[in-house]
Structure formats: C-alpha cells, structure tokens
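Residue numbers (my numbering): 737 to 1181.
In this text, a Cβ means the ideal position worked out from N, Cα and C, and glycines have one as well.
Just below is one structure, and these are the notes that go with it.
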C-alpha cells in the first residue's frame, strides 16, 4: 500500500529515493520535510502503514522503543502511552498531536537539554535496509534555547550543538533494531553496529538523516562525525531545513553528503557561529511564495518592515547586538509598558514572575551581553549600543513595544516554521519550497 505524506504527498516508503544514486533531488527534499515534521507532530501512524518499524523516540535522555507486534494499533498506542508523561499528562495518541503549548516556564539553575529525535528502519530491497533519523528543532521551553546560545567554539564547532550531538552518540548502543536483527539472523542489532557497518562499501544499510532548525545543526555535526570515522559517503545522506551555522570560518570543509535548504527571509539560517557544513541551497522570496505563505501579512506595513529588519541581520554578532539594544530600550519604558511586552505569547520570554518584569529585563540584558562576549571575545561598544537602543526607543514610542515585538515574532515564525499550526489555505515557506521551489534553489557555497 502506498502511503503519502500529508504535506508534500511524497511516498513515505522512500524506496525510490533510497535506491536512487541521486544525492540531491526534489523527492529527497520532500521526503526529508515529511520526516522532519514527524519529529514535531509524532504522528507515526502513516509511517507504520508505509512499512517502517523498529521505531525509537528519543526525548531528553530517555528512549522509547516500539513493541514487537504485528498489530500497528498496539505498537502506536504503546509508544504514545510511554511518552505522554513528558507532555504533562496521559493521553491517547490522537490527542498528542494537538498538545497545548506550555504557557509558562520558570528557569531554575541550568537544566541540561538533550534534544529530541526519532529513529526507525525499513527494508527497501532484499536484505537492504534504510535507517531514518530525524532531529527535532528547539523545544518550546526556555531551557531548550540554552544550547543555541552556547557559542563557545574553541575547536571551531558550536559548543551547544556539539554537546547535543554528543548526547545522541552516547545512546547509539541503546537504539535497537530487532526486526532487522531477526531478518539477518543476528541475536541483536544496535545503531552502533549499523554505524560501524556503513564504513564498508558493501554495507546493507543506508542512513538517511533529516532535521529542522536546531535539528539541522545536529544533522550537520552528526554526519560530519561519521565521515571523520570513515563512514562511506555513499551510505549516508542528509537533508536539513532552516539550518543554523555550526562552525567557524577557519573550519576546514570537505565534501559532505549534506543538503541544507534555507529560506532567505529566515534569520535563523544566518545565526549560530559563522558557516554551515555541507551544501547550502537558498530560496529567495518571490510573489508566489508570499501569497501562498504570508497571505494578507505580505501587505502589512509592520510585517514588511520586520522582514526588512530580519534581512538586514547577516550574522549572530549582529543579532545579539541588536537584541541587546532592544532590551536596553525596554529598560527605559514605564513599568506598565514593560509588563505588556511579556503578555500572551511572549510569556515564554519572562524569566521571573509577572510582578518582577524590570528584573527579568535586566537578567535578559545581562545574559545577552554575556553571550555576546562569549561569541566575539569582547564587550559590545557602549556608544553604538546606546545609539541603537535610542533608535528602538523612538520606534517603541511611535508604535508600541509590544506591537514591534509582535511584528518581529510574526515575521520570524512565518519564515522559519516547518509547517503552520493554523488551519487555512496558507502553507509554511519550507513546505512551499519543497512543493514548488526546487528549480529556484540556488547553491551558495
């Protein structure tokens, strides 16, 4: 039975993609997008129906394995029953796709963030197997973002992304593939065994990796690590979306089976350290994308200004400097206006309870300054910072701080999301690129 993805309508079996020798294709992008979406919605039903098995879901430092059963309903329900407590309650699998956003997070001392991933397998030919791995993007709580801000890079690699990648490698002995083991007559088979096998030209395994946002950063470092361990390039392939930069400019590049699909309006594709690992393909916004993905927002003046502002940010240093100046400007606002900035969808940004907004802003300012120094090795230039803060203060007095932040956050979400949560005719920019933008992608490195 052919099972199609609900975003791109690509065949979820992936057989033709895996058996093809093409290292960059439209079908590959579409399949990778569906796989990356799985790391968010956890809707494994269509993948099980398409023949995928040996499913492991990694949440934080825990692994949840599929049970050995021919009953797909039992398999799926057992997985969702296991992971439900990590979303605050027990629930049936059809409800977990609609889990509510956690509105408030209180950051206590630093809490390690391990990321989320899904691993599964499928026989694509006689004794030939595909191993699919997808890394999720940053979670919805504030602690999930801490790894993104760990800009240390003594070895040329983003320290936060490296730590997350290392935590995944630490689990490769525990990620098991009983269905393949039985097929090949092995007593057991772990991901570690597969990663050793793909060092050989005649390996029966192909490892296909996808990721979005932070997940695309992990994808880069995961594949880079494997190639440094002499894994054969023909046995591994990766596609990432909205990929941050992961390494410094002096990092030596080698030929990588990595394809990164980035959207020009997505500021996160220019943040991280300094450059990407692998092949980077850029899609530049056109009127057709704006109509399909932005809708009426495309004609909104504040939204247009926000997009222009985001396009002006070329790297992480500029982003940190600009955000730091914004928090300085917030410090000069009356308390009521400060508090209003953190209402509704921006409560995630609040560090302390609602009656201590000014202290939250001060802590945020100190944190951003610290991260700036970690990245650049020097303090931000005070006069330039104050001048930028004054520019923001003028805009805040003209439009309102909350409206400015809303416009920027709306522009970020509209350009960065893998798929839209809202119902309607609009689709995400990355879904549009996968569906209609292949011919317009430009290789930029």
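As assigned by DSSP and simplified to three states, the class of residue i
{"i": "residue 1068", "result": "coil"}
{"i": "residue 777", "result": "helix"}
{"i": "residue 857", "result": "strand"}
{"i": "residue 1181", "result": "coil"}
{"i": "residue 870", "result": "strand"}
{"i": "residue 1106", "result": "helix"}
{"i": "residue 738", "result": "coil"}
{"i": "residue 832", "result": "Confidence in residue 832 is poor, its pLDDT being 32 and thus under 50, which makes the residue's placement too unreliable to answer from."}
{"i": "residue 747", "result": "strand"}
{"i": "residue 1011", "result": "strand"}
{"i": "residue 887", "result": "coil"}
{"i": "residue 1083", "result": "Reliability of the predicted coordinates at residue 1083 is poor, the pLDDT of 48 falling under 50, and no value is obtained from them."}
{"i": "residue 852", "result": "strand"}
{"i": "residue 1174", "result": "helix"}
{"i": "residue 1061", "result": "helix"}
{"i": "residue 1021", "result": "coil"}
{"i": "residue 925", "result": "coil"}
{"i": "residue 882", "result": "coil"}
{"i": "residue 1016", "result": "strand"}
{"i": "residue 1097", "result": "helix"}
{"i": "residue 911", "result": "coil"}
C-alpha distance - residue i paired with residue j, whole-angstrom precision
{"i": "residue 860", "j": "residue 1101", "result": "52 Å"}
{"i": "residue 781", "j": "residue 1028", "result": "28 Å"}
{"i": "residue 1095", "j": "residue 1066", "result": "11 Å"}
{"i": "residue 943", "j": "residue 751", "result": "13 Å"}
{"i": "residue 1013", "j": "residue 983", "result": "7 Å"}
{"i": "residue 1071", "j": "residue 1131", "result": "17 Å"}
{"i": "residue 885", "j": "residue 1107", "result": "7 Å"}
{"i": "residue 1179", "j": "residue 997", "result": "9 Å"}
{"i": "residue 1081", "j": "residue 1121", "result": "Annotation note: pLDDT 49 at residue 1081 (below 50); position unreliable, coordinate value reported separately. Distance between the alpha carbons of residue 1081 and residue 1121 is about 27 Å."}
{"i": "residue 902", "j": "residue 970", "result": "23 Å"}
{"i": "residue 1164", "j": "residue 763", "result": "18 Å"}
{"i": "residue 1166", "j": "residue 792", "result": "26 Å"}
{"i": "residue 1097", "j": "residue 1117", "result": "20 Å"}
{"i": "residue 678", "j": "residue 1128", "result": "A query on residue 678 cannot be resolved here, the shown segment of the chain reaching from 737 to 1181 and no further."}
{"i": "residue 770", "j": "residue 1115", "result": "42 Å"}
{"i": "residue 1110", "j": "residue 1054", "result": "14 Å"}
{"i": "residue 1073", "j": "residue 758", "result": "55 Å"}
{"i": "residue 1175", "j": "residue 981", "result": "24 Å"}
{"i": "residue 966", "j": "residue 990", "result": "13 Å"}
{"i": "residue 773", "j": "residue 1154", "result": "7 Å"}
{"i": "residue 880", "j": "residue 1124", "result": "28 Å"}
{"i": "residue 882", "j": "residue 874", "result": "10 Å"}
{"i": "residue 995", "j": "residue 1141", "result": "32 Å"}
{"i": "residue 913", "j": "residue 1139", "result": "50 Å"}
Contact under 9 Å by Cβ, residue i with residue j
{"i": "residue 855", "j": "residue 790", "result": "yes"}
{"i": "residue 924", "j": "residue 1152", "result": "no"}
{"i": "residue 993", "j": "residue 959", "result": "yes"}
{"i": "residue 1047", "j": "residue 1000", "result": "yes"}
{"i": "residue 904", "j": "residue 851", "result": "yes"}
{"i": "residue 976", "j": "residue 951", "result": "yes"}
{"i": "residue 786", "j": "residue 749", "result": "yes"}
{"i": "residue 863", "j": "residue 935", "result": "no"}
{"i": "residue 799", "j": "residue 911", "result": "yes"}
{"i": "residue 872", "j": "residue 853", "result": "yes"}
{"i": "residue 962", "j": "residue 931", "result": "yes"}
{"i": "residue 1104", "j": "residue 1052", "result": "no"}
{"i": "residue 945", "j": "residue 1043", "result": "no"}
{"i": "residue 1077", "j": "residue 1147", "result": "no"}
{"i": "residue 900", "j": "residue 979", "result": "no"}
{"i": "residue 898", "j": "residue 957", "result": "yes"}
{"i": "residue 987", "j": "residue 1011", "result": "yes"}
{"i": "residue 1169", "j": "residue 1177", "result": "yes"}
{"i": "residue 1030", "j": "residue 1150", "result": "yes"}
{"i": "residue 941", "j": "residue 865", "result": "yes"}
{"i": "residue 1133", "j": "residue 1045", "result": "no"}
{"i": "residue 775", "j": "residue 947", "result": "yes"}
{"i": "residue 794", "j": "residue 907", "result": "yes"}
Continuous beta strand (DSSP E) stretch holding residue i: start and end
{"i": "residue 799", "result": "798–801"}
{"i": "residue 756", "result": "Neither: residue 756 is in no beta strand (DSSP E) and is coded neither H nor E."}
Residue i: first and last residue of the uninterrupted alpha helix (DSSP H) it sits in
{"i": "residue 789", "result": "Segment 789–795 is the beta strand (DSSP E) holding residue 789; no alpha helix (DSSP H) there."}
{"i": "residue 1162", "result": "Segment: none, residue 1162 is in no alpha helix (DSSP H) and carries neither H nor E."}
{"i": "residue 1040", "result": "1037–1048"}
{"i": "residue 915", "result": "914–920"}
{"i": "residue 902", "result": "895–905"}
Contact with chain C by residue i, beta-carbon distance below 9 Å
{"i": "residue 851", "result": "Protein chain content of the structure displayed is limited to a single chain, and chain C is not contained in it."}
Every unbroken alpha helix (DSSP H) inside the stretch 929–993 [4 residues or more]: Runs of the alpha helix (DSSP H) inside the stretch 929–993: 950–964.
Report the start-end ranges of each beta strand (DSSP E) in the stretch 1107–1153 that is 3 residues or longer and not cut off at the edges. Correct list: empty.
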